[in-house]
Amino acid sequence: MRWEKIELSSRLREALDGKKSPGRKGGIFGPGKRWGHSCNAVKGGKFLYVFGGYGKDNCQTNDVHVFDTVRQTWSKPMVKGIPPSPRDSHSCTTVGNSLFVFGGTDGKTPLKDLHILDTSSNTWMTPSVVGEGPEAREGHSAALIGKRLFIFGGCGKSWNGSTEVYYNDLYILDTETFMWKHALTSGTPPSARDSHTCSSWMNKIIVVGGEDASDYYLSDVHILDTDTLVWRELYTSGQVLPPRAGHSTVAFGKNLFVFGGFTNARNLYDDLHMLNVESGIWTKVIATGQGPSARFSVAGDCLDPQKGLIVFIGGCNNELEALDDMYYLHTDLSVENGQDEEGQEKFSLRKELQKKCQEQYVPASLPIISKDVPKLGVMPDMSQPMPLPCFKEGKN
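Residues in the sequence shown are numbered from 1 upward in steps of one, following full-length UniProt numbering.
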């Protein structure tokens, strides 16, 4: 297995210094430093879409950046339609050539809206949904099986907004009819948690790790049979994954690759583990080349299932600073024995980061939409990108 750092920073610096026109090859600005964003490969891995997150100007964003994996250039497309509000810690799932964005947080309030980006035309739409959908939440997970989108877990707020509420509920969205259903499951479900991951394999979804309401970090693995809606815990062996939250998991068939995350005492990970879901065996993988530094809230996806190519971008370091670097992982495995990290004093890094964001949060003044723009549900064809609201740092 081999890491490859995608060197774009020098090109971007030249563009910023005026040495290259942003319109010339290699000079297009990337998404910049951010965490809590999403990245999704579309059209056979030819393009990588990065949406949302927190970082620039200490605020959430709703912009879209596209990486051409063949030319290795960034672009910021002129997106039509009414975009989602700025957010981080949402889910974004590839459904054909569309991206389904659900939930997240604006920095202060969890969200429960659903938006779809058609990447063929770069047009946002807000579908009219029916049925019982999830409560507002962030740090949840999503996985696609066939035409069904599964939403699991996450963290929201009580009815009066005074306390956090952790979920282990499961909702299913029919991606063709946009009907929500609250799934009634049986078996042994995962405990309530957020900042976990959920991956799909055959007719199953697999939940790994996360953080619960007691700031306890998890490494357990649960599998849901989506036909019977029965949960079971997968008892694992081998070089078992140390407990963590805020990691990224990318699936290649029965193999799950887990990178990064955080746990007690602001202990961030830069390790890489692989789980064989059939056998339940964990392997700690040592990859050659220059790999990413320790981080959490990093986005990742599979670019090429045939070649086993994974991409990771951005994230947050232990100084609570957003990152903008990008790495490919070529999955030729070399393995070395690894040891579990010892637990230290409990420390919720996610909550400290959330507190920092709230201290810097100032409500945005959303752009006024002209009365000439069609009403919600009708896609306006804007000749210019919609202005992005930005939160300036405010006093406590």
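Each residue gets a CB set at the ideal place from its N, CA and C atoms; glycine is no exception.
Practice prompt. Mark histidine 182 as exposed unless 16 or more other C-beta atoms lie within 10 angstroms of its C-beta, in which case mark it buried.
Written response: Residue 182 sits at position 182 when you count from the first residue of the sequence shown. By the C-beta density criterion, histidine 182 is exposed, having fewer than 16 other C-beta atoms within 10 angstroms.
Worksheet item: Would the beta-carbon of histidine 140 fall within 8 angstroms of that of phenylalanine 150?
Response: Within the sequence shown, numbered from 1, the residue matching residue 140 stands at position 140. Within the sequence shown, numbered from 1, the residue matching residue 150 stands at position 150. It is not a contact, given that the beta carbons lie outside the stated cut-off.
Item to complete: Within the segment 62-108, note down every full beta strand (DSSP E) run reaching 3 residues or more, in order along the chain.
Response: For the beta strand (DSSP E) assignment, the uninterrupted runs of no fewer than 3 residues enclosed by the segment 62-108 are, from N- to C-terminal side, 64-68, 73-75, 91-95 and 98-105.
Practice prompt. Taking tyrosine 269 as part of the beta strand (DSSP E), name the residues at either end of that continuous run.
Written response: Residue numbering aside, residue 269 sits at position 269 when the sequence shown is read from its first letter. That residue, tyrosine 269, is in no beta strand (DSSP E); it is neither H nor E in DSSP.
Worksheet item: Between the C-alpha atoms of tyrosine 166 and threonine 61, what's the straight-line distance to the nearest angstrom?
Response: Here residue 166 refers to the residue found at position 166 when the sequence shown is read from its first residue. Here residue 61 refers to the residue found at position 61 when the sequence shown is read from its first residue. So the alpha carbons of these two residues sit roughly 25 angstroms apart.
Worksheet item: What do you get for glutamate 176, buried or exposed, if any count of 16 or more other CB atoms within 10 angstroms of its CB means buried?
Response: Your numbering for residue 176 matches position 176 in the sequence shown. By the Cβ-count criterion, glutamate 176 is exposed, with fewer than 16 other Cβ atoms from all chains shown falling within 10 Å of its own Cβ.
Worksheet item: In terms of residues, what are the limits of the beta strand (DSSP E) holding leucine 303?
Response: Position 303 of the sequence shown, counting from 1, holds the residue named residue 303. Per DSSP, leucine 303 belongs to the beta strand (DSSP E) from 299-304.
Worksheet item: Sorted by chain position, which residues of the same chain lie with C-beta nearer than 7 angstroms to serine 89's C-beta, five sequence neighbours on each side aside?
Response: One-based indexing of the sequence shown puts residue 89 at position 89. Within the same chain, serine 89 has close Cβ partners Gly36, Gly104, Thr105, Glu138 and Gly139.
Discussion item. For the ligand ADP, I want to know if methionine 125 counts as a neighbour, meaning its beta carbon is within less than 7 angstroms of at least one of the ligand's heavy atoms.
Written reply: Absence of the ligand ADP from the depicted structure is noted, as is the absence of any ligand whatsoever, leaving it without description.
Fill in: Of the listed residues Gly156, Asn318 and Tyr54, nearest to proline 31 (C-alpha basis)
By 1-based counting over the sequence shown, the position of residue 31 is 31. Checked all of Gly156, Asn318 and Tyr54; the closest Cα to proline 31 is Tyr54.
Worksheet item: According to DSSP, is asparagine 264 helix, strand or coil?
Response: Here residue 264 refers to the residue found at position 264 of the sequence shown. In the three-state DSSP reduction, asparagine 264 falls in the helix class (H, G or I).
Practice prompt. Answer yes or no: do aspartate 325 and proline 292 have a C-beta to C-beta separation smaller than 8 angstroms?
Written response: Translated into positions along the sequence shown, residue 325 becomes position 325. Translated into positions along the sequence shown, residue 292 becomes position 292. It is a contact, given that the beta carbons lie within the stated cut-off.
Practice prompt. Spell out the partners DSSP gives serine 158 in its beta bridges.
Written response: For this step, residue 158 is matched to residue 158 along the sequence shown. DSSP output for serine 158 lists no bridge partner at all.
Discussion item. Report the start-end ranges of each beta strand (DSSP E) in the segment 206-264 that is 3 residues or longer and not cut off at the edges.
Written reply: As far as the segment 206-264 is concerned, its whole beta strand (DSSP E) runs of at least 3 residues are 217-225, 230-234, 248-252 and 255-259.
Worksheet item: According to DSSP, which residues form a beta bridge with arginine 34?
Response: Numbered from 1 along the sequence shown, position 34 holds the residue referred to as residue 34. Paired residues: Gly55 and Leu323.
Worksheet item: Quick one: Cα of glutamine 306 to Cα of alanine 251, how far?
Response: Sequence index remark: in the sequence shown, residue 306 carries index 306 (1-based). Sequence index remark: in the sequence shown, residue 251 carries index 251 (1-based). One C-alpha to the other measures close to 12 angstroms.
Worksheet item: Is asparagine 203 buried or exposed, if buried means 16 or more other CB atoms sit within 10 Å of its CB?
Response: Counted from its first residue, the sequence shown places residue 203 at position 203. Asparagine 203 comes out exposed.
Discussion item. Check this for me: beta carbons of residue 398 and valine 240, under 8 angstroms apart or not?
Written reply: Residue 398 lies beyond the range of the chain shown here (1 to 396); nothing can be said about it.
Discussion item. With a threshold of 8 angstroms, are at least 3 pairs of Cβ atoms found where one atom belongs to the segment 300-318 and the other to the segment 245-263?
Written reply: Touching, yes, given that three or more Cβ pairs across the two stretches are closer than 8 angstroms.
Practice prompt. Going by CA-CA distance only, name the one from Pro110, Asp57 and Val221 that's closest to glutamate 278.
Written response: For the purposes of this step, residue 278 is taken as the residue at position 278 of the sequence shown. In this structure, Val221 is the residue among Pro110, Asp57 and Val221 with its C-alpha nearest to the C-alpha of glutamate 278.
Fill in: Same chain, Cβ closer than 6 angstroms to serine 98, five either side skipped, listed in chain order
Along the sequence shown, read from residue 1 onward, the residue named residue 98 stands at position 98. So the qualifying residues of the chain are Ile116 and Asp118.
Discussion item. Helix, strand or coil for proline 110? Go by DSSP, reduced to three states.
Written reply: The residue you call residue 110 lines up with position 110 of the sequence shown. If DSSP states are grouped into helix, strand and coil, proline 110 belongs with the strands.
Worksheet entry | Cα-Cα separation between glycine 96 and valine 42, rounded to whole angstroms | The sequence position of residue 96 within the sequence shown is 96, counting from 1. The sequence position of residue 42 within the sequence shown is 42, counting from 1. If you take the alpha carbons of glycine 96 and valine 42, they lie about 8 angstroms apart.
Fill in: Assigned exposure category for valine 130 - 16 Cβ within 10 Å defines buried
Sequence index remark: in the sequence shown, residue 130 carries index 130 (1-based). The residue in question, valine 130, is exposed, as its Cβ has fewer than 16 Cβ neighbours within 10 Å.
Discussion item. Buried or exposed for tryptophan 231, going by 16 or more other Cβ atoms inside 10 Å?
Written reply: Numbered from its first residue, the sequence shown carries residue 231 at position 231. Using a 10 angstroms sphere on the CB of tryptophan 231, the tally of other CB atoms reaches 16 or more, which defines it as buried.
Worksheet item: Do you know offhand how far cysteine 316's Cα is from glutamate 233's?
Response: Taking the sequence shown and counting its residues from 1, one reaches residue 316 at position 316. Taking the sequence shown and counting its residues from 1, one reaches residue 233 at position 233. Answer to the nearest angstrom: the Cα atoms are 30 angstroms apart.
Worksheet item: Can you tell which of Lys56, Thr109 and Gly280 has the C-alpha that lies nearest to the C-alpha of serine 237?
Response: As a working note, residue 237 is residue 237 in the sequence shown. Comparing Cα-Cα distances from serine 237 to each of Lys56, Thr109 and Gly280, the minimum goes to Gly280.
Discussion item. With the cut-off set at 8 angstroms, would you say alanine 294 and leucine 268 are in Cβ contact?
Written reply: In the sequence shown, the residue the question calls residue 294 occupies position 294. In the sequence shown, the residue the question calls residue 268 occupies position 268. Taking a C-beta distance under 8 angstroms as the contact criterion, alanine 294 and leucine 268 qualify as a contact pair.
Worksheet item: Would DSSP call arginine 148 helix, strand or coil?
Response: Here residue 148 refers to the residue found at position 148 of the sequence shown. In the three-state reduction of the DSSP assignment, arginine 148 falls in the strand class, which pools E and B.
Worksheet entry | Buried/exposed call for leucine 376, threshold 16 Cβ in 10 Å | Counting from 1 along the sequence shown, the entry for residue 376 is found at position 376. Reliability fails at leucine 376, whose pLDDT of 35 lies under 50, so the model's placement of it is uncertain and no value is given.
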